[in-house]
Ligand code: PEP
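In this note's numbering, the protein residues as written are 117 to 366.
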C-alpha cells in the first residue's frame, strides 16, 4: 500500500512573514501522528529556513521548489541541494513545468539536479507533463516517457523518488485533467518505471497528480488506483482549501 503524499507548491508567493503565518496555520492542522498521508509545503527559498523552524514540531515535510546541480561555486543567484539538506529540507521539486518553460530546465539539466539532490540525501519530486499542443498532437505518452527516462538517466535507486504528473495545460488554468485522463497517464508512467526498475520498485513509487486540484475534485482524483496524492499550487495558499485536499488523500 503506497502512502499518499500531498505537497503545497507556494511558487513565488508570500513574504517571509506571510509564509510564517500560513505555515503556522497549516502545522496546527497537520499536527503530529494524526494523518495517514504525508504532507509537505514548499515556500520560497527566502522563507524556507524560517518556515522550517515553525513546522519542525509537526509532521510537515519542508520542501524546496528547485535546486542547482552543483553543491557550491560561482552560480550567482542559485541554491544548492547541499544547502537545502542542511536547512532541514526533506524534499525538492525538480523539473516543474514553469522551470522547464521559463528557466531552461531541459531533461538533461533536470537529470543533473535529480542526481545531485538524491546524492545529498534529499527526496525528489520529479515533475513531468505535456503541453496542450503535445496532447492535441497525440504525443503525450512519448513526451512523458522521455521526461521520465531522461530525468532518471543514471539513477539506480528510486526509493527516494516521487513523480508528479502535471499536464501543463492544467496548471493554474482551472482546467483539470479528468480522473480518467490522469489515471491513464499515471498507469503509463508506472509501466515505464517498471520497464526501467522492475515491477516491485514501480509498485512502490508514488505518483502525484498536479494541475488545478481543488477541494471539489481531489476526492475523485485521489480515488484512482495509480494517483498517490497531489502537488498543489494555487489551492495550497489557503489553509482551508489545502487542508480539505490533504484530508481527501488521508
Ligand atoms: C503546480 O504548480 O504544481 C500546480 C499544480 O499549480 P495549480 O494547482 O495552481 O494548477
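Backbone N, C-alpha and C fix where the C-beta goes; we use that ideal spot for every residue, glycine too.
Using the three-state DSSP reduction, which class does residue i fall into: helix, strand or coil?
i: residue 207; result: strand
i: residue 123; result: strand
i: residue 347; result: strand
i: residue 273; result: coil
i: residue 173; result: coil
i: residue 223; result: helix
i: residue 147; result: coil
i: residue 331; result: helix
i: residue 137; result: helix
i: residue 357; result: helix
i: residue 255; result: coil
i: residue 236; result: coil
i: residue 229; result: helix
i: residue 191; result: coil
i: residue 260; result: helix
i: residue 294; result: coil
i: residue 246; result: coil
i: residue 352; result: helix
i: residue 314; result: coil
i: residue 142; result: helix
i: residue 213; result: helix
DSSP has residue i in a bridge; who is on the other side?
i: residue 179; result: 207
i: residue 278; result: 241 and 322
i: residue 309; result: According to DSSP, which records beta bridges pairwise, residue 309 is partnered with nothing at all.
i: residue 155; result: 122
i: residue 196; result: 184
Return the residue from the list the options that minimises the CA-CA distance to residue i.
i: residue 317; options: 262, 279, 162 and 202; result: 279
i: residue 151; options: 122, 202, 203 and 213; result: 122
i: residue 203; options: 128, 287, 161 and 364; result: 161
i: residue 201; options: 177, 214 and 211; result: 177
i: residue 321; options: 329, 307 and 333; result: 307
i: residue 158; options: 282, 230, 213 and 347; result: 347
i: residue 163; options: 119, 330 and 130; result: 130
i: residue 182; options: 213, 352 and 166; result: 213
i: residue 198; options: 208, 205 and 187; result: 187
i: residue 283; options: 243, 273, 269 and 310; result: 243
i: residue 167; options: 155, 148, 185 and 143; result: 143
i: residue 289; options: 147, 350 and 165; result: 350
i: residue 240; options: 258, 303, 265 and 205; result: 205
i: residue 266; options: 231, 323 and 299; result: 231
i: residue 153; options: 180, 343, 238 and 141; result: 343
i: residue 299; options: 311, 271, 264 and 345; result: 345
i: residue 310; options: 272, 179, 326 and 325; result: 272
i: residue 256; options: 305, 327 and 140; result: 305
i: residue 156; options: 330, 120, 128 and 184; result: 120
i: residue 365; options: 330, 354 and 353; result: 330
Please determine whether the Cβ atom of residue i lies at a distance below 8 Å from any heavy atom of the ligand ADP.
i: residue 244; result: Inclusion of the ligand ADP in the displayed structure is not the case, the ligand content consisting of the ligand PEP alone.
- Message: Under 8 Å: do the stretch 158-173 and the stretch 184-194 share three or more Cβ pairs, one atom per stretch?
- Response: Here the stretch 158-173 makes no contact with the stretch 184-194; the two share fewer than three CB pairs at distances below 8 Å.
- Message: Using 8 Å as the cut-off, can you tell me whether the stretch 280-295 makes contact with the stretch 308-316, which would need three or more C-beta pairs spanning the two stretches below that distance?
- Response: Three or more beta-carbon pairs separated by less than 8 Å are not found between the stretch 280-295 and the stretch 308-316, which leaves the two stretches without contact.
- Task: Specify whether the stretch 219-229 and the stretch 249-256 touch according to this definition: at least 3 beta carbon pairs, one from each stretch, less than 8 Å apart.
- Result: Three or more beta-carbon pairs separated by less than 8 Å are not found between the stretch 219-229 and the stretch 249-256, which leaves the two stretches without contact.
- At least three beta-carbon pairs within less than 8 Å, the stretch 133-150 to the stretch 331-340: Verdict: no, contact absent.
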